[in-house]
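Visitor: I am attaching a structure below and will ask some questions about it afterwards.
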Amino acid sequence: MNPAHVPSPTVITGIGVSPGRVVAPAVLMPGPVPEPPAGRRLPPGTDYAAAATRISAASEVVRAALDAAADQAQGDSADLLRTTAAIAADPMLVADAERRVVDDRLVPERAVWEAAAAVSAQFEALGGYFAERTRDIADVRDRLVAELTGRPAPGVPVHETPFVLVAQDLAPALVATLDADRVRAIVTGAGGPTSHTAILARSRGIPAVVAARGADAAVQAEGLVLVDGSAGTVTIDPTPEQVAAALALAAQVRTFDGHGHTADGHHVELLANVGDPADAAPAAAAGAEGVGLFRTEFAFLDREEAPSIAEQVAAYRRVLAAFPGRKVVVRTLDAGADKPMPFLAGDPEANPALGVRGLRTAARQPDVLADQLTAIAQAAASETAQVWVMAPMVSTVDETQDFVAACAAHGLPVAGVMIEVPSAALLAGPILAHAAFASIGTNDLTQYTMAADRLLGAVAELSDPWQPAVLQLVAATCAGGAQQDRPVGVCGEAAADPALAVVLVGLGVSSLSMTPRALPDVAALLAATPLAECRRLAQLAVSCSTAADARAAVRAGLPVLADLGL
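Residue numbers are given in our numbering: position 154 of the sequence shown equals residue 155, and the series is strictly consecutive.
Shown next as structure tokens:
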């Protein structure tokens with residue numbers, strides 16, 4: 002080929018949310034399932050009741066397919082798939098669609114479309130968690146319409162070789178079922194650092210760049226792309242030299258020896274986030290020094306009543322047993338907002354994210370927290386793990402005192418708090434005069450600091466833990482910890498970003514808890530960076546005026562990132 006006709010590389014910048022470099026042909030997600038024409042009706046004389054039953058049959062096919070996929074998944078992926086399957090079998094959706102066939106004579110696919118629109122409108126009006134489920138309703142709608150019209154189910158196209166999946170956005174159920182051997186990387190035009198796409202890609206080890214605006218239009222099908230999930234770049238038509246360098250870095254196999262430290266030996270605990278007992282053994286095998294966040298919601302989800310103390314003890318012991326003699330931080334039930342639970346249901350809330358969630362639910366249902374603390378204490382007494390307990394959504398000193406006292410009454414002496422709202426960060430000193438430790442949940446701290454829903458793609462640029470305002474609140478929390486000689490950790494998604502981990506350590510964070518897949522990369526960068534340099538870069542980041550500037554300045558100050566392929 003004449004060199005004059007060789008396309009020049011084009012770089013699109015987004016937000017890197019799952020590390021790794023991948024070079025592969027691009028596969029574009031097909032367009033959405035087309036909307037059935039409005040007003041399309043069944044001909045006179047049709048057996049309308051029989052036509053309506055096709056909807057419940059399609060619902061069962063879709064539900065079964067999603068449940069089967071959930072059986073093959075774990076953790077967050079399985080939970081998302083089962084939630085979507087439940088929507089597919091929702092009697093309200095199915096019954097409404099069937100009524101539209103019988104009463105309005107609509108063809109089944111149009112009836113499903115209109116019924117889904119009605120359910121979505123109701124969910125939007127409820128706000129909060131329910132409003133966030135509208136994307137899942139649309140996913141189920143498309144699957145039902147595809148089943149009714151004989152189309153392939155919405156999903157990833159079949160491709161002979163591994164590829165980079167490029168889309169404007171991806172439904173959580175689709176991300177949860179991606180075959181990581183086929184889909185080597187994900188690029189989306191929408192989404193943010195804490196969107197479902199980001200969280201699931203990171204937990205499954207699939208390099209991903211989100212908020213790469215215009216990527217789905219600029220990338221040509223089958224065209225070669227280089228995705229850098231750390232730097233947040235998508236290079237279209239990379240040069241042979243860029244490809245060779247990326248492949249060489251991708252070939253590196255990195256492991257974690259179970260001891261996190263800076264280049265000059267300053268110890269930084271590198272822990273694992275665990276969302277299900279099944280996640281504990283793999284986390285321990287990955288070298289995690291312990292568990293920095295054990296989410297206990299798994300035991301309470303999809304239930305009409307809280308689990309018994311005995312059920313909870315058995316589940317908690319599975320996690321504690323995987324870390325004998327090591328620290329396991331158990332977070333009490335974080336219900337409300339995006340995790341509503343029937344047995345805790347109260348009056349409808351216009352804005353659940355700012356309502357009764359986390360520890361606040363204990364004011365209305367104190368027995369649920371009391372039973373959980375009893376179960377945690379019994380599990381701790383039966384295992385050798387060092388059990389710490391922390392409460393989510395703490396915002397005042399009074400709440401801290403009450404929680405610490407409740408833990409002490411149940412024989413749990415190491416009680417701490419999550420720092421997820423600005424008030425807790427600013428009051429870290431007084432709060433840590435009572436709590437034994439603090440753990441910063443950067444996902445929610447970013448959401449509440451920036452007034453930006455962390456699951457809403459339209460505000461993805463605000464939902465970034467590199468925001469200087471967020472970093473300043475992390476610094477304030479660490480200052481409060483130092484004042485009281487209490488440890489401060491981070492268990493949000495920010496801990497899994499190696500460059501940001503350096504900044505967090507520089508601000509005074511003593512432990513980082515993350516998806517186990519991120520441990521080797523974070524450990525490698527910390528081991529190559531002296532503590533003094535961590536502190537210098539932290540101050541540099543805090544002094545920047547934008548998240549993009551902070552990220553760029555820190556990465557520019559870490560030339561070792563290139564050597565490590567990060």
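For glycine and all other residues, C-beta sits at the position ideal for the given N, C-alpha and C.
1. Pull up the distance between the alpha-carbon of R518 and that of A98, whole angstroms please.
2. Is DSSP giving S512 helix, strand or coil here?
3. Below 8 Å between beta carbons: does that hold for R255 and P499?
4. Return yes when the Cβ of V388 is within less than 8 Å of the Cβ of L472, no when it is not.
5. What do you get for N3, buried or exposed, if any count of 16 or more other CB atoms within 10 angstroms of its CB means buried?
6. May I ask you to report which of helix, strand or coil DSSP gives P26?
7. When you compare only the Cα positions, how much space is there between R361 and Q253?
8. Compute the distance between the beta-carbons of V22 and V228, then report whether it is under 8 Å.
9. Starting from L175, trace the alpha helix (DSSP H) in both directions and tell me its first and last residue.
10. Is the beta carbon of S411 less than 8 Å from the beta carbon of T375?
11. For T234, which residues of its own chain have a beta-carbon under 6 Å away from its beta-carbon, when the five flanking residues on both sides are left out?
12. Output the residue ranges of the beta strand (DSSP E) runs that lie fully inside the segment 176-215 and measure 3 residues or longer, sorted by chain position.
13. For S424, collect the residues of the same chain with a Cβ closer than 6 Å to its Cβ; drop the 5 residues on either side in sequence, then sort them by chain order.
14. Given a cut-off of 8 Å on the beta-carbon distance, is the pair V269 and S512 in contact?
15. Let me make sure I understand the geometry here. Which of A284, A59, D182 has the alpha-carbon closest to that of G151?
16. Please say whether A199 and V188 have beta carbons closer to each other than 8 Å?
17. As a quick exercise: from C545, T135, R111, pick the residue whose alpha carbon is nearest that of L122.
18. For the segment 260-332, list the beta strand (DSSP E) runs that are entirely contained and at least 3 residues long, ordered along the chain.
19. Indicate whether the contact test is met: 3 or more Cβ pairs, each with one atom in the segment 23-43 and one in the segment 161-176, closer than 8 Å.
20. Going by the DSSP bridge assignment, what does A439 pair with across the sheet?
21. Which residue wins for smallest C-alpha separation from E115, given the options N352, R42, M515?
22. Please report the straight-line C-alpha distance between E534 and T401, rounded to a whole angstrom.
23. Between the segment 280-291 and the segment 316-333, are three or more C-beta pairs nearer than 8 Å?
24. Check whether the Cβ atoms of N573 and S514 lie closer than 8 Å to each other.
25. Only counting the same chain, and skipping five residues up and downstream in sequence, which positions put a Cβ closer than 7 Å to that of G206?
26. Run through the DSSP bridge pairs and tell me what Q387 is partnered with.
27. Based on the DSSP secondary-structure assignment, which residues constitute the bridge partners of G17?
28. Along the chain, which unbroken stretches of the beta strand (DSSP E) at least 3 residues long are found entirely within the segment 511-563?
29. Any contact of the segment 61-69 with the segment 87-96, i.e. 3+ C-beta pairs under 8 Å?
30. Mind checking whether G215 and G190 have CB atoms under 8 Å apart?
31. List the whole-angstrom C-beta distance separating D80 from L302, where the pair is believed to meet the contact cut-off of C-beta under 8 Å.
32. Which same chain residues end up closer than 6 Å to H197 when comparing Cβ atoms and leaving out the 5 residues on each side of it in sequence?
33. Taking DSSP's pairing of strands, which residues face R42 in a bridge?
Guide: Working from what's here:
1. The residue labelled residue 518 in the question sits at position 517 within the sequence shown. The residue labelled residue 98 in the question sits at position 97 within the sequence shown. C-alpha separation (whole angstroms): 43 Å.
2. Within the sequence shown, the letter at position 511 stands for residue 512. In this structure, S512 counts as strand in the three-state DSSP scheme.
3. Locating residue 255 in the sequence shown gives position 254, where the first residue counts as 1. Locating residue 499 in the sequence shown gives position 498, where the first residue counts as 1. Not in contact: R255 and P499 (Cβ atoms no closer than 8 Å).
4. Translated into the one-based positions of the sequence shown, residue 472 becomes position 471. Translated into the one-based positions of the sequence shown, residue 388 becomes position 387. Taking 8 Å as the Cβ cut-off, L472 and V388 do not qualify as a contacting pair.
5. Translated into the one-based positions of the sequence shown, residue 3 becomes position 2. Below a pLDDT of 50, predicted positions are generally treated as unreliable, and N3, at 47, falls in that range; the measurement from the model is reported next regardless. By the beta-carbon neighbour count (other beta carbons within 10 angstroms, threshold 16), N3 is exposed.
6. Mapped onto the sequence shown, residue 26 falls at position 25. Reduced to three states, the DSSP call for P26 is strand.
7. In the sequence shown, counting from the first residue as 1, residue 361 sits at position 360. In the sequence shown, counting from the first residue as 1, residue 253 sits at position 252. Each residue's Cα considered, the two are about 46 Å apart.
8. Position 21 of the sequence shown, counted from the first residue, corresponds to residue 22. Position 227 of the sequence shown, counted from the first residue, corresponds to residue 228. The amino acid occupying residue 22 in the given sequence is Arg; Val does not appear at that position. Going by C-beta atoms, R22 is nearer than 8 Å to V228.
9. As a first step, residue 175 is located in the sequence shown; it is residue number 174 there, counting from the start. Looking at the DSSP string, the run of the alpha helix (DSSP H) that includes L175 is 173-177.
10. Position 410 of the sequence shown holds residue 411. Position 374 of the sequence shown holds residue 375. One detail in the question is off: residue 411 reads as His in this sequence, not Ser. A contact, by the Cβ cut-off of 8 Å.
11. As a first step, residue 234 is located in the sequence shown; it is residue number 233 there, counting from the start. Cβ within range, chain order: V12, T14.
12. Listed in chain order, they are 184-189, 209-211.
13. Reading the sequence shown from its first residue, position 423 is the one you call residue 424. Excluding sequence neighbours, S424 sits near S396.
14. In the sequence shown, the residue the question calls residue 269 occupies position 268. In the sequence shown, the residue the question calls residue 512 occupies position 511. Yes.
15. In the sequence shown, counting from the first residue as 1, residue 151 sits at position 150. When each option's Cα is compared against that of G151, the closest is A59.
16. Here residue 188 corresponds to residue number 187 of the sequence shown, with the count starting at 1. Here residue 199 corresponds to residue number 198 of the sequence shown, with the count starting at 1. Not a contact, by the Cβ cut-off of 8 Å.
17. Walking along the sequence shown from the start, residue 122 turns up at place 121. Going by the sequence as given, residue 122 is Ala instead of Leu. Nearest neighbour of A122 by Cα position, chosen from C545, T135, R111, turns out to be T135.
18. Listed in chain order, the beta strand (DSSP E) elements of length 3 or more contained wholly in the segment 260-332 are 270-275, 292-296, 328-332.
19. Between the segment 23-43 and the segment 161-176, the count of C-beta pairs closer than 8 Å reaches three or more; the two stretches touch.
20. Mapped onto the sequence shown, residue 439 falls at position 438. Looking at the DSSP assignment, A439 forms a beta bridge with V418, V489.
21. Here the question's residue 115 lines up with position 114 in the sequence shown. Out of N352, R42, M515, the CA that lies nearest to the CA of E115 is found in R42.
22. As a first step, residue 534 is located in the sequence shown; it is residue number 533 there, counting from the start. As a first step, residue 401 is located in the sequence shown; it is residue number 400 there, counting from the start. So the alpha carbons of these two residues sit roughly 34 Å apart.
23. Two segments are said to touch when three or more pairs of C-beta atoms, one from each, lie closer than 8 Å; by this definition the segment 280-291 touches the segment 316-333.
24. In the structure as shown, the chain starts at 2 and stops at 567, and residue 573 therefore has no counterpart that could be examined.
25. Here residue 206 corresponds to residue number 205 of the sequence shown, with the count starting at 1. A181, R518, listed in sequence order.
26. Taking the first residue of the sequence shown as position 1, residue 387 is located at position 386. Beta-bridge pairing links Q387 to K328.
27. Position 16 of the sequence shown holds residue 17. V210.
28. For the segment 511-563, whole beta strand (DSSP E) runs of length 3 or above, ordered along the chain, are 512-515.
29. Three or more Cβ pairs drawn from the segment 61-69 and the segment 87-96 lie within less than 8 Å of each other, which places the two stretches in contact.
30. Here residue 215 refers to the residue found at position 214 when the sequence shown is read from its first residue. Here residue 190 refers to the residue found at position 189 when the sequence shown is read from its first residue. In contact: G215 and G190 (Cβ atoms closer than 8 Å).
31. In the sequence shown, the residue the question calls residue 80 occupies position 79. In the sequence shown, the residue the question calls residue 302 occupies position 301. Right, their Cβ atoms sit about 7 Å apart.
32. The residue you call residue 197 lines up with position 196 of the sequence shown. Cβ within range, chain order: P173.
33. Your numbering for residue 42 matches position 41 in the sequence shown. DSSP output for R42 lists L107 as bridge partner(s).
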